[in-house]
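Below you'll find the structure, written out as structure tokens, and then a few comments.
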Amino acid sequence: MYFTDAHEELRLQIRRFLEREVKPHLAEWEETLFPDSIFKKLGDQGLLGLRYDPEYGGQGGDYFSAIVLEEEMAAAGAGGLGMAAAPPLNKFGTPEQKRKWLAPAISGDMIAAIAMTEPDAGSDLANIQTIARRDGNEWVIDGRKIFITNGARASWVLLVTKGDRERGHKGYNLLMVEKGTPGFSVTRTLEKLGMHSSDTAELLFEDCRVPLGNLIGEEGEGFKQLMWELQGERLISACGAVAGAQKTFEYAMDYAKQRHAFGKPIAEHQVIKHKLVDMATKVNMVRAFVYECATRWDQGDYPVREISQAKLMATQIAVEVADEAIQVLGGHGYMREFPVERAWRDARLARIGAGTDEIMKEIIAKTYGL
Ligand SMILES: Cc1cc2nc3c(=O)[nH]c(=O)nc-3n(C[C@H](O)[C@H](O)[C@H](O)COP(=O)(O)OP(=O)(O)OC[C@H]3O[C@@H](n4cnc5c(N)ncnc54)[C@H](O)[C@@H]3O)c2cc1C
Numbered sequence: 200m201y202f203t204d205a206h207e208e209l210r211l212q213i214r215r216f217l218e219r220e221v222k223p224h225l226a227e228w229e230e231t232l233f234p235d236s237i238f239k240k241l242g243d244q245g246l247l248g249l250r251y252d253p254e255y256g257g258q259g260g261d262y263f264s265a266i267v268l269e270e271e272m273a274a275a276g277a278g279g280l281g282m283a284a285a286p287p288l289n290k291f292g293t294p295e296q297k298r299k300w301l302a303p304a305i306s307g308d309m310i311a312a313i314a315m316t317e318p319d320a321g322s323d324l325a326n327i328q329t330i331a332r333r334d335g336n337e338w339v340i341d342g343r344k345i346f347i348t349n350g351a352r353a354s355w356v357l358l359v360t361k362g363d364r365e366r367g368h369k370g371y372n373l374l375m376v377e378k379g380t381p382g383f384s385v386t387r388t389l390e391k392l393g394m395h396s397s398d399t400a401e402l403l404f405e406d407c408r409v410p411l412g413n414l415i416g417e418e419g420e421g422f423k424q425l426m427w428e429l430q431g432e433r434l435i436s437a438c439g440a441v442a443g444a445q446k447t448f449e450y451a452m453d454y455a456k457q458r459h460a461f462g463k464p465i466a467e468h469q470v471i472k473h474k475l476v477d478m479a480t481k482v483n484m485v486r487a488f489v490y491e492c493a494t495r496w497d498q499g500d501y502p503v504r505e506i507s508q509a510k511l512m513a514t515q516i517a518v519e520v521a522d523e524a525i526q527v528l529g530g531h532g533y534m535r536e537f538p539v540e541r542a543w544r545d546a547r548l549a550r551i552g553a554g555t556d557e558i559m560k561e562i563i564a565k566t567y568g569l
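Using this note's numbering, the letters of the sequence shown correspond one by one to residues 200 to 569.
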């Protein structure tokens, strides 16, 4: 219903690429992070700009082509790479800015990051303290960002700043800061529960000066722009959660058919059988809803309530499914050498990143006038 022959062809291309270039290295990358060179390989395959304008090296595809990529990454257990492979900037940059920064990120010659979160402000973005003030023909930036994906290796960071601490949502500016700009440093990379192949960094900006032309979009409108970008990101996150959960369910089911206890396959014990049925049913239900939202989004609709609901449910179900899969595998499920252990750790992030469960509920509540 949702995927055309072209999407299915793309799916096969991605699957072949992942089999060849990614899957053999996943275990190693859990220890070492994936190498920067993978961006160029993704870029050569056209996978960093599936939805983007061909003028900047993109493939000009629809939203479902991005979904195919996310689904295949998640199903391959390469979520750490998947979360790193989506350069922002498409919607709001000027043509000149896109040529300079987006095009090389699409080709894989540059690596992109987006930095919103701060040590003292994550969900409550209105409270960020990174200030960018005008000084002659430059912006002068002071502040700190945390939990930034690709932060340590990024060639450029799309930075969320405030012009004025007092102006709430009206005073935000999105600024482009390139690696090597004096005053911009990576203070540390962070150890985390899952998504070990991806780097997550803390960034510091001290008297960091960038040209006025590094403002992305309209002055003072950064918050609105950010919210728009975040809707697409939340939907993609929901799609990845569903695809990951499907794979985890299938793995647990195959295991349960093979593993014997008390004289029969554990899948024939009703409790295990029903667990598997519950997993599959939840995944199928939420997938239908996620695809429906994605269709509306792709058609230019802005269904904030449904996107928030999709993200909330899909990511919770993915964690539940991974948790139940560990239970189905018993002691084996808790071991590193079985994929459900990592599936659980990796899935957990999506209930926090791009807006927590609780923030999704706050957004949904508002749409009902609550
Ligand atoms: C691996 C990883 C990668 C990330 N990558 C990026 C990135 O690339 N760029 C970036 O900018 N950020 C990134 N983040 C940050 C992520 O978006 C934030 O962690 C997230 O938005 C939550 O913010 P916080 O951690 O400050 O939690 P807080 O905002 O401190 O929230 C703590 C708890 O309080 C709850 N809470 C907060 N407000 C409310 C409320 N009004 N009602 C009810 N409950 C509430 C939250 O839901 C949460 O449970 C990443 C995070 C992780 C873990």
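For every residue, glycine included, the Cβ atom is placed at its ideal position computed from N, Cα and C. Note that this is a predicted model, so its numbers are computed, not measured.
Straight-line Cα distance separating residue 479 from residue 373: Within the sequence shown, residue 373 is the residue found at index 174, counting from 1. Within the sequence shown, residue 479 is the residue found at index 280, counting from 1. When rounded, the distance between both Cα atoms is 41 Å.
- prompt: Do you know offhand how far residue 501's Cα is from residue 352's?
  reply: By one-based count along the sequence shown, residue 501 stands at place 302. By one-based count along the sequence shown, residue 352 stands at place 153. C-alpha separation (whole angstroms): 33 Å.
field: For residue 528, three-class secondary structure by DSSP
entry: Translated into positions along the sequence shown, residue 528 becomes position 329. Residue 528 falls in the helix class under three-state DSSP.
message: Assuming residue 355 and residue 391 are in contact, meaning their beta carbons sit under 8 Å apart, how far apart are those beta carbons, in whole angstroms?
response: The residue labelled residue 355 in the question sits at position 156 within the sequence shown. The residue labelled residue 391 in the question sits at position 192 within the sequence shown. Not quite, the Cβ-Cβ distance comes to about 23 Å (not below 8 Å), so this is no contact.
- prompt: Is residue 421 helix, strand or coil by DSSP?
  reply: Along the sequence shown, read from residue 1 onward, the residue named residue 421 stands at position 222. In this structure, residue 421 counts as helix in the three-state DSSP scheme.
query: What did DSSP end up calling residue 436 once you bin it into helix, strand or coil?
result: The count along the sequence shown starts at 1 and reaches residue 436 at position 237. Residue 436: helix per DSSP, three-state reduction.
- prompt: Can you tell which of 263, 237, 294 and 217 has its C-alpha closest to the C-alpha of residue 498?
  reply: Against the sequence shown, residue 498 aligns to sequence position 299. Answer by Cα proximity: 263.
task: Measure the CB-CB distance between residue 443 and residue 273 and report whether it falls below 7 Å.
output: Numbered from its first residue, the sequence shown carries residue 443 at position 244. Numbered from its first residue, the sequence shown carries residue 273 at position 74. In this structure, residue 443 sits near residue 273, with a CB-CB distance shorter than 7 Å.
message: With a threshold of 6 Å on Cβ separation, who are the neighbours of residue 455 within its own chain once the five nearest residues in sequence on each side are excluded?
response: Here residue 455 corresponds to residue number 256 of the sequence shown, with the count starting at 1. Correct list, in chain order: 465, 466, 471 and 527.
- request: Give the secondary structure of residue 283 by DSSP, where H, G and I count as helix, E and B as strand, and everything else as coil.
  value: Counting from 1 along the sequence shown, the entry for residue 283 is found at position 84. Three-state DSSP puts residue 283 in coil, outside helix and strand.
message: Quick check: is any heavy atom of ligand 1 less than 6 Å from the C-beta of residue 354?
response: Here residue 354 is taken as the residue at index 155 of the sequence shown, counted from 1. For ligand 1, not one heavy atom lies less than 6 Å from the Cβ of residue 354.
query: Excluding sequence positions up to five away, which residues of its chain have a Cβ less than 6 Å from the Cβ of residue 562?
result: Sequence index remark: in the sequence shown, residue 562 carries index 363 (1-based). Taken in chain order, the residues that qualify are 507.
- prompt: Would residue 505 be called buried (16 or more neighbouring beta carbons within 10 Å of its own) or exposed?
  reply: Numbered from 1 along the sequence shown, position 306 holds the residue referred to as residue 505. It counts as buried.
- prompt: On the three-state DSSP scale, how would you describe residue 375?
  reply: The count along the sequence shown starts at 1 and reaches residue 375 at position 176. In this structure, residue 375 counts as strand in the three-state DSSP scheme.
query: What residues are listed by DSSP as bridge partners for residue 347?
result: As a working mapping, residue 347 is identified with position 148 in the sequence shown. The partner list for residue 347 (beta bridge, DSSP) reads 400.
message: Let me check understanding here. Comparing Cα to Cα, which of 553, 569 and 533 lies closest to residue 324?
response: One-based indexing of the sequence shown puts residue 324 at position 125. Selected option, being the one with the closest Cα: 553.
query: Would you call the region 396-411 and the region 331-339 touching, i.e. three or more CB-CB distances under 8 Å?
result: Touching, per the Cβ criterion.
query: Which parts of the region 258-318 are runs of the beta strand (DSSP E), unbroken and 3 residues or longer, counting only runs that do not cross its ends?
result: 311-314
query: Would you say the region 433-452 touches the region 527-543, given that touching needs at least three Cβ pairs under 8 Å?
result: yes
message: For residue 205, tell me which candidate among 259, 481 and 520 has the shortest Cα-Cα distance.
response: On the sequence shown, position 6 is the one that residue 205 refers to. Nearest of 259, 481 and 520 to residue 205, Cα basis: 259.
message: On a Cα-Cα basis, can you pick out the residue from 537, 516 and 564 that is closest to residue 547?
response: Taking the first residue of the sequence shown as 1, we reach residue 547 at position 348. For residue 547, the nearest C-alpha among the options comes from 516.
- request: Quick one: grab the DSSP three-state call for residue 254.
  value: Here residue 254 is taken as the residue at index 55 of the sequence shown, counted from 1. In the structure shown, residue 254 sits in a helix (DSSP, three-state: H, G or I).
task: Examine ligand 1 and report whether any of its heavy atoms sits within less than 6 Å of the Cβ of residue 375.
output: Your numbering for residue 375 matches position 176 in the sequence shown. Short note on residue 375: C-beta not closer than 6 Å to any heavy atom of ligand 1.
field: residue 539 beta carbon less than 7 Å from that of residue 530
entry: The residue given as residue 530 occupies position 331 in the sequence shown. The residue given as residue 539 occupies position 340 in the sequence shown. Contact flag unset, no.
field: Cβ contact check for the region 216-223 and the region 380-395: 3 or more pairs under 8 Å
entry: no
query: residue 566 and residue 503 look like a contact to me (Cβ under 8 Å); what is the Cβ gap, rounded to whole Å?
result: Residue numbering aside, residue 566 sits at position 367 when the sequence shown is read from its first letter. Residue numbering aside, residue 503 sits at position 304 when the sequence shown is read from its first letter. Between residue 566 and residue 503 the beta-carbon gap is near 6 Å, inside 8 Å, which marks them as a contact.
- prompt: Does the separation of the CB atoms of residue 248 and residue 213 fall below 7 Å?
  reply: By one-based count along the sequence shown, residue 248 stands at place 49. By one-based count along the sequence shown, residue 213 stands at place 14. Not a contact, by the Cβ cut-off of 7 Å.
- prompt: DSSP puts residue 324 in a beta bridge; with which residues?
  reply: Residue mapping note: residue 324 aligns to position 125 of the sequence shown, counting from 1. DSSP output for residue 324 lists no bridge partner at all.
- request: Report yes if the C-beta distance between residue 437 and residue 513 is below 7 Å; otherwise report no.
  value: Translated into positions along the sequence shown, residue 437 becomes position 238. Translated into positions along the sequence shown, residue 513 becomes position 314. Yes, these two residues count as a Cβ contact at 7 Å.
message: In whole angstroms, give me the CA-to-CA distance for residue 321 and residue 342.
response: To locate residue 321, count along the sequence shown from 1; it is residue 122. To locate residue 342, count along the sequence shown from 1; it is residue 143. So the alpha carbons of these two residues sit roughly 14 Å apart.
message: At a threshold of 6 Å, does residue 548 count as lining ligand 1 (C-beta to nearest heavy atom)?
response: Position 349 of the sequence shown, counted from the start, is the residue given in the question as residue 548. Yes, the beta carbon of residue 548 sits closer than 6 Å to at least one heavy atom of ligand 1.
query: Which residues in the same chain have their Cβ closer than 8 Å to the Cβ of residue 217, if we skip the five residues on either side of it in sequence?
result: Position 18 of the sequence shown, counted from the start, is the residue given in the question as residue 217. Only 271, 272, 275 and 277 meet the Cβ criterion.
- prompt: In whole angstroms, what is the alpha-carbon distance linking residue 200 and residue 564?
  reply: Residue mapping note: residue 200 aligns to position 1 of the sequence shown, counting from 1. Residue mapping note: residue 564 aligns to position 365 of the sequence shown, counting from 1. About 31 Å.
task: Would you decide whether residue 569 is buried or exposed? Buried here means 16 or more other CB atoms lie within 10 Å of its CB.
output: Walking along the sequence shown from the start, residue 569 turns up at place 370. Label assigned to residue 569: exposed.
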